[in-house]
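Working notes, structure below.
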Amino acid sequence: MEQHRSINPRIAALNPYKPGKPVDEVARELGINDIVKLASNENPRGPGEKVQQAIADASKELSRYPDGGGFVLKARLAEKIGLDPAQLTLGNGSNDVLDLIARVVLEPGAQAIVAEHSFVVYRLAVTCCGGDLVTVPAKAYGADLPAMLDAVTDQTRLVFIANPNNPTGTRTPDSELLPFLEALPEHVWVVLDEAYLEYADADDHPNGASLLGRFPNLIVTRTFSKVYGLAAVRFGYGASSPEFADLLNRARQPFNVNALAMAASLAALDDDDYVNESVVLNRAGMAQMTQGLSALGYDYIPSAGNFVAFDCGEPGDALFQRMLKEGVIVRAIAEYGLPNHVRVSIGLAAENERFLSVLAQVGARSKANTES
Ligand SMILES: *Cc1c(COP(=O)(O)O)cnc(C)c1O
31 MEQHRSINPR
41 IAALNPYKPG
51 KPVDEVAREL
61 GINDIVKLAS
71 NENPRGPGEK
81 VQQAIADASK
91 ELSRYPDGGG
101 FVLKARLAEK
111 IGLDPAQLTL
121 GNGSNDVLDL
131 IARVVLEPGA
141 QAIVAEHSFV
151 VYRLAVTCCG
161 GDLVTVPAKA
171 YGADLPAMLD
181 AVTDQTRLVF
191 IANPNNPTGT
201 RTPDSELLPF
211 LEALPEHVWV
221 VLDEAYLEYA
231 DADDHPNGAS
241 LLGRFPNLIV
251 TRTFSKVYGL
261 AAVRFGYGAS
271 SPEFADLLNR
281 ARQPFNVNAL
291 AMAASLAALD
301 DDDYVNESVV
311 LNRAGMAQMT
321 QGLSALGYDY
331 IPSAGNFVAF
341 DCGEPGDALF
351 QRMLKEGVIV
361 RAIAEYGLPN
371 HVRVSIGLAA
381 ENERFLSVLA
391 QVGARSKANT
401 ES
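Numbers in the working numbering are just positions in the sequence shown, counted from 1, shifted up by 30.
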């Protein structure tokens, strides 16, 4: 298509974001009902009862605008994580906050640094602000922080680190993060994206919120889309210095978080059992999946999240298509620079079993197939 002269060429050059294929769409296209979606790192359990009740209650008050400042939710959240409410910025998913951060920090010609194979939303946010993205080669599929530090120039304003990272599941321990934060020049902001924090339970795993006091240029983002089981609701938040949060809140659309999302998130926040049970379920599912992958002859990238990426020995999209026909939705990740890997989310035990048996059946590298 010919480029319209009044369109921002950077936007026209963006690749559209490819979400995990929705269950309804697969059902429609293939005419099958028994579908397992392991494509978007969602919590495989439905929302807790307290959350459902909170949404039902809040649905009686839909004609008024929500509290644009999110007073109640912010106060409860701040108490829970040990920060001041003035340090928080509420978002319509944490992607909304990532986008706000880029808008506050960047302008045309400013640089942002990311690691190879990191979350695609960073690219989207930076490009839309006219910023230049600098991608630093990964080390063992993960962020190479010393190399990212070397890449900092006078033009650098922002560094994104997902910890753990999606889609690789790699993580950055204290011993790598702290020296990096200490060495980073003051003019550079760091976003620590902790979407999968709750799953990363190693003793040496950083907790970004507890580092804010020491590093004024640190910004932490978190989400209720993963372990809290509320991906459809769209709620996430940023935590930073109060001064930076004030800037984010100036750039924010006044009612970016809707009333149902605030009510649901407030209820979810206090449901510690739901979170703990989900982490335990994930740990068992991760063992089931990684043992199953190994048994079938696949190498995987050890993951600290609720998903695992494995080398399928052929273009990931080809395996994705064959598994789709059997009713199992996974994610090809060529757009992350991993053309022969597929990412699979950890589901319920029966869903994981179904994934493994379909992989055994249709995977080009599955032992059952290569031996026959
Ligand atoms: C899923 C995910 C998010 C969360 O996105 P939401 O907009 O909160 O749903 C953020 N960062 C990473 C790395 C993710 O994988």
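Yeah, the Cβ is synthetic: ideal placement off N, Cα and C, and Gly gets one too.
Legend entry - Reference T253; option with closest CA among P46, N73, K67, Y47: N73
Legend entry - Identity of the residue in P246, G266, G160, D184 nearest G139 by Cα: G160
Legend entry - Near ligand 1: G123 beta-carbon under 6 angstroms from a heavy atom: yes
Legend entry - Residue from N279, N45, V66 with nearest C-alpha to E55: V66
Legend entry - Buried/exposed call for V310, threshold 16 Cβ in 10 Å: exposed
Legend entry - Proximity of A281 and R133 at Cβ, strictly below 7 angstroms: yes
Legend entry - Whether V218 touches T186 by CB criterion (7 angstroms): yes
Inset, instruction - Say whether the region 207-217 touches the region 233-250, bearing in mind that this needs 3 or more beta-carbon pairs closer than 8 angstroms, one atom from each stretch. - result: yes
Inset, instruction - Could you tell me whether any non-hydrogen atom of ligand 1 is closer than 6 angstroms to the CB of T119? - result: no
Legend entry - Where N63 falls, given that 16 or more other Cβ within 10 Å makes a residue buried: exposed
Legend entry - Nearest-angstrom beta carbon gap, A348 and G199 [assumed within contact, 8 angstroms]: Not really, about 22 angstroms apart at Cβ, beyond 8 angstroms.
Legend entry - For L326 and L60, the rounded distance between their alpha carbons: 27 angstroms
Legend entry - Distance, L323 Cα to L107 Cα: 38 angstroms
Inset, instruction - Would you kindly work out how many angstroms separate the C-alpha atoms of I408 and R58, rounded to a whole number? - result: No answer is possible for residue 408: the residues shown for the chain start at 31 and end at 402.
Inset, instruction - Indicate the three-state DSSP secondary structure (helix, strand or coil) for I249 in the structure shown. - result: strand
Legend entry - Residues that F340 bridges to, as DSSP identifies them: Y330, V372
Legend entry - Three CB pairs or more closer than 8 angstroms across the region 86-104 and the region 285-302: yes
Inset, instruction - Could you name the residues of the same chain whose beta carbon sits closer than 7 angstroms to that of F285, not counting the 5 residues immediately before and after it, in chain order? - result: Y95, P96, G98
Inset, instruction - Please name the residue, chosen from G357, R352, D129, L113, that lies closest to P272 on a Cα-to-Cα basis. - result: L113
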